[in-house]
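Below: one structure, written as structure tokens.
Protein chains: 2
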Amino acid sequence: MQNDAAIRPKRPRNLAHQLVEGMSERIKSGALKVGDKLPTESELVATYGVSRTVVREAISHLQAAGLVETQHGIGTFVLEQSGGANFRIDASEMSTVMDVLAVLELRISLETEAAGLAAQRRSEGQLEQLRRALAALIENVAQAGDAASPDYQFHLQIALATGNPHFAGLMSYLGTMVIPRNRVNTARLAQEDRVEYLRRVNREHQDIFDAIERRDSDAARAAMRTHLGNSRERLKRAHVAAEAGS
Amino acid sequence: MQNDAAIRPKRPRNLAHQLVEGMSERIKSGALKVGDKLPTESELVATYGVSRTVVREAISHLQAAGLVETQHGIGTFVLEQSGGANFRIDASEMSTVMDVLAVLELRISLETEAAGLAAQRRSEGQLEQLRRALAALIENVAQAGDAASPDYQFHLQIALATGNPHFAGLMSYLGTMVIPRNRVNTARLAQEDRVEYLRRVNREHQDIFDAIERRDSDAARAAMRTHLGNSRERLKRAHVAAEAGS
DNA sequence: TGTTATTAGTCATCATACAACATGATTTGG
DNA sequence: CCAAATCATGTTGTATGATGACTAATAACA
Chain Z
31 MQNDAAIRPK RPRNLAHQLV EGMSERIKSG ALKVGDKLPT ESELVATYGV
81 SRTVVREAIS HLQAAGLVET QHGIGTFVLE QSGGANFRID ASEMSTVMDV
131 LAVLELRISL ETEAAGLAAQ RRSEGQLEQL RRALAALIEN VAQAGDAASP
181 DYQFHLQIAL ATGNPHFAGL MSYLGTMVIP RNRVNTARLA QEDRVEYLRR
231 VNREHQDIFD AIERRDSDAA RAAMRTHLGN SRERLKRAHV AAEAGS
Chain F
31 MQNDAAIRPK RPRNLAHQLV EGMSERIKSG ALKVGDKLPT ESELVATYGV
81 SRTVVREAIS HLQAAGLVET QHGIGTFVLE QSGGANFRID ASEMSTVMDV
131 LAVLELRISL ETEAAGLAAQ RRSEGQLEQL RRALAALIEN VAQAGDAASP
181 DYQFHLQIAL ATGNPHFAGL MSYLGTMVIP RNRVNTARLA QEDRVEYLRR
231 VNREHQDIFD AIERRDSDAA RAAMRTHLGN SRERLKRAHV AAEAGS
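And the structure:
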């Protein structure tokens with residue numbers, strides 16, 4: 031059932047959202063340059079095959095996002111990303127399991143490399159920090175998700191051990207994204223076999239630590255990829271279970 | 031004469047904007063607490079004396095601003111402010127070669143995975159975009175660094191082909207970081223053997239494209255890692271050369 | 001009791017119409 | 001001929017009515 035078309039929202043949230051993503055991409059990809067006038071509402075209606083309501087809502091989103099500016103009677107124009115460019119994931123885009131999965135993919139990308147670099151570069155002090163975080167992780171039964179959870183701390187320590195502050199910076203930002211309030215939590219799946227689940231996760235963490243400890247970069251990458259890949263599969267299963275089940 | 035506009039700095043751009051301001055105030059002032067359900071569209075139509083169109087556009091703005099979230103068939107709810115957290119690399123921290131190297135490591139992390147995912151998921155249309163970017167890359171002799179450069183476009187297209195918008199978002203952000211004013215560009219090293227250099231880089235890009243074209247995920251990852259790893263080495267060599275030399 | 005149908009409330013989308021604004025072409029007055 | 005007023009056209013802003021889709025709660029039924 032879990033076809034590998036992992037991210038593509040098979041059920042679009044709403045039409046306007048699709049338009050927003052499409053046009054955002056066309057802006058970021060350079061198809062629409064700064065100052066360009068994007069197609070008129072009528073044209074967008076024609077090309078996307080939706081009503082003007084949807085087009086206007088999409089443009090409304092783009093306006094609020096600061097991507098475009100509309101002038102009455104003339105058109106809407108792409109405006110330059112004002113000075114403080116930054117990377118930001120809109121909180122409103124974190125409501126579904128699919129959204130969490132998309133961010134998790136980013137984490138996989140980041141943390142596999144971070145684990146590899148940490149294995150090469152970790153100092154003894156950083157290794158000690160990691161060891162402490164791992165111990166807290168094994169003792170504490172608290173579920174992941176909390177920003178202060180031992181799980182998060184462990185992963186953050188790995189990012190710190192790379193010596194590249196950007197890894198830790200991005201990690202700590204992504205950490206705030208995984209919290210969301212919806213019922214997406216891992217609570218459901220952990221119920222059926224909590225002990226087995228915890229034992230397995232702990233083992234995965236231990237593998238990562240061991241690889242970093244013995245400075246085995248490739249093994250660290252592999253262990254981290256396995257760990258987060260499993261997390262992704264658990265989320266997916268919880269997703270389909272929630273959709274099919276209750 | 032715009033003096034009459036000067037009297038009232040609050041010029042109503044459009045009705046929706048007025049609604050946005052009104053409701054934003056009511057949210058921030060605490061009149062509407064987190065989790066509260068704000069009035070239905072019909073009620074807002076009645077209280078503000080505008081049409082549903084305007085109400086919906088206002089709500090659309092609030093959604094994009096991350097203030098509220100709408101659930102189909104239920105209502106729209108106020109959600110907690112995520113404190114405007116974002117990931118940002120200070121431009122002032124991008125002056126030395128080491129800083130560029132640190133960002134490049136992040137790119138390696140990102141793009142390696144992006145190449146792998148793109149190989150799995152790329153559509154035919156995305157492949158065509160990639161092919162075009164590659165062609166422009168080979169023809170054009172312009173040096174990298176510019177945000178509109180073929181090199182950047184090629185890499186961005188790969189990020190887009192993952193289907194995960196966050197990859198493209200982060201990529202385009204990191205792209206702005208590599209621009210800055212430092213003369214650390216690859217110009218120096220390219221001088222000694224420019225032809226050989228270009229031939230090699232083109233070959234690396236071609237390898238990446240080929241792997242994505244035949245949906246070979248592992249090969250795509252490897253090719254991208256090789257490519258960016260080589261870029262890193264070139265940068266390092268340019269660094270030590272610059273330090274020792276002039 | 002438990003399950004299914006129905007219903008009401010709400011948001012999502014569509015279609016149409018008209019008003020407000022901007023711009024360039026056309027007409028008109030000198 | 002020139003310049004100003006007017007008109008024509010295109011675009012965004014707003015209004016209105018209708019229909020579809022989703023959710024939760026209630027009613028009907030076995």
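The listed protein sequences derive, respectively, from chains Z and F. Heads up: the first sequence begins at 31 in our numbering, then just goes up one per residue. Heads up: the second sequence begins at 31 in our numbering, then just goes up one per residue. Heads up, the beta-carbon is just placed ideally off N, CA and C, and yes, glycines get one too. Being a predicted model, the structure only gives us computed values, none of them experimental.
Original post:
What is the residue span of the beta strand (DSSP E) that Gln-101 of chain F lies within?
Top reply: 98-101
Original post:
Along chain F, which residues have their Cβ under 9 Å away from the Cβ of Gly-52 of chain Z?
Top reply: Within 9 Å Cβ-Cβ: nothing; Gly-52 of chain Z doesn't reach chain F, min ~10 Å.
Original post:
Should the region 248-267 of chain Z be regarded as contacting the region 135-151 of chain Z, the criterion being three or more beta carbon pairs within less than 8 Å?
Top reply: yes
Original post:
Given a threshold of 16 other Cβ atoms within 10 Å of its Cβ, counted over all protein chains shown, does Glu-143 of chain F qualify as buried or as exposed?
Top reply: buried
Original post:
Val-108 of chain Z lies in the beta strand (DSSP E); which residues open and close that run?
Top reply: 105-108
**OP:** May I ask you to verify whether the region 228-245 of chain F touches the region 153-169 of chain Z, counting CB pairs closer than 8 Å and requiring at least 3?
**Re:** no
**OP:** Throw me the rounded Cβ distance for the Leu-265 of chain Z and Leu-131 of chain Z pair, which I believe falls under 8 Å.
**Re:** 6 Å
Original post:
Thinking just about the alpha-carbon of each residue, which of Z:Arg-244, Z:Gly-52, Z:Glu-135 and Z:Ser-202 is nearest to the one in Glu-263 of chain Z?
Top reply: Z:Glu-135
Original post:
Who are the Cβ neighbours of Gln-156 of chain F in its own chain at under 6 Å, not counting the five residues just before and after it?
Top reply: Ala-191
Subject >> Separation of His-185 of chain F from Met-277 of chain F, as counted between CA atoms >> reply: Given that chain F is displayed from residue 31 to residue 276, the structure contains no residue 277 of chain F and the question cannot be resolved.
**OP:** Would you check if the region 86-98 of chain F and the region 78-96 of chain Z touch, i.e. whether three or more CB-CB distances between them fall below 8 Å?
**Re:** yes
**OP:** Assess, as a yes-or-no matter, whether the region 51-60 of chain F is touched by the region 99-106 of chain F under the definition of 3 or more beta carbon pairs within less than 8 Å.
**Re:** no
**OP:** Name the one or two DSSP bridge partners that Lys-67 of chain Z has.
**Re:** Z:Phe-107
Original post:
Are any of the Cβ atoms in chain F nearer than 8 Å to that of Asp-277 of chain Z?
Top reply: In the structure as shown, chain Z begins at 31 and stops at 276. Residue 277 of chain Z is therefore absent and cannot be evaluated.
Original post:
Which two residues bound the contiguous alpha helix (DSSP H) that contains Phe-197 of chain Z?
Top reply: 195-207
Original post:
In this structure, what does DSSP give as the bridge partners for Phe-117 of chain Z?
Top reply: F:Phe-117
**OP:** Quick one: which residues of the region 128-157 of chain Z get their C-beta closer than 8 Å to a C-beta of chain F? List them in chain order.
**Re:** Ala-132, Val-133, Glu-135, Leu-136, Ile-138, Ser-139, Leu-140, Thr-142, Glu-143, Ala-144 and Leu-147
**OP:** Report the neighbours of Ser-59 of chain Z on chain F: residues whose CB is nearer than 9 Å to its CB, in chain order.
**Re:** Gln-159, Gln-183, Leu-186, Gln-187, Leu-190, Ala-198 and Ser-202
Original post:
Ordered along the chain, which non-local residues of its own chain (more than five positions away) have a Cβ less than 8 Å from that of Leu-258 of chain F?
Top reply: Leu-134, Arg-137, Ile-138, Glu-141 and Thr-142
Subject >> DSSP three-state assignment for Val-85 of chain F, whether helix, strand or coil >> reply: helix
Original post:
Going by other Cβ atoms of all chains shown within 10 Å of its Cβ, with 16 needed for buried, is Arg-267 of chain F buried or exposed?
Top reply: exposed
**OP:** Please compile the residues from chain Z whose C-beta is within a distance smaller than 7 Å of the C-beta of Ala-95 of chain F.
**Re:** Ala-94
Subject >> Span of the alpha helix (DSSP H), counted from its first residue to its last, around Leu-142 of chain Z >> reply: Note that residue 142 of chain Z corresponds to Thr in the displayed sequence, not to Leu. From DSSP, the alpha helix (DSSP H) with Thr-142 of chain Z extends over 127-151.
Original post:
What residue does the alpha helix (DSSP H) around Gly-60 of chain Z start on, and which one ends it?
Top reply: Run containing Gly-60 of chain Z: none; DSSP gives neither H nor E here.
Subject >> Cβ neighbours of Gly-193 of chain Z in the same chain (closer than 7 Å, five flanking residues each side left out) >> reply: Arg-151
**OP:** Find the nearest neighbour of Glu-243 of chain Z within the set Z:Gly-146, Z:Ser-72, Z:Asn-260 and Z:Tyr-227, judged by alpha-carbon distance.
**Re:** Z:Gly-146
Subject >> Rounded C-alpha distance that separates Ser-261 of chain F from Tyr-227 of chain F >> reply: 11 Å
Original post:
Going by C-alpha distance, which of Z:Lys-58, Z:Gly-79 and Z:Ala-94 is nearest Phe-197 of chain F?
Top reply: Z:Lys-58
Original post:
Does the Cβ of Val-108 of chain F have 16 or more other Cβ atoms within 10 Å, making it buried, or fewer, making it exposed?
Top reply: buried
Subject >> Straight-line gap, Thr-70 of chain F to Phe-117 of chain Z (C-alpha atoms, nearest Å) >> reply: 33 Å
Original post:
Just to confirm, are Ala-94 of chain Z and Ala-95 of chain F a CB contact at a threshold of 8 Å?
Top reply: yes
Subject >> Backbone CA spacing between Leu-164 of chain Z and Asp-237 of chain Z [nearest angstrom] >> reply: 11 Å
**OP:** Within 10 angstroms of the Cβ of Leu-68 of chain F, are there 16 or more other Cβ atoms? Answer buried if so, exposed if not.
**Re:** buried
**OP:** With Gly-155 of chain Z as the anchor, note down where its alpha helix (DSSP H) starts and where it stops.
**Re:** 154-169
**OP:** Taking only beta-carbon positions, decide if Glu-73 of chain F is within less than 8 Å of chain Z.
**Re:** no
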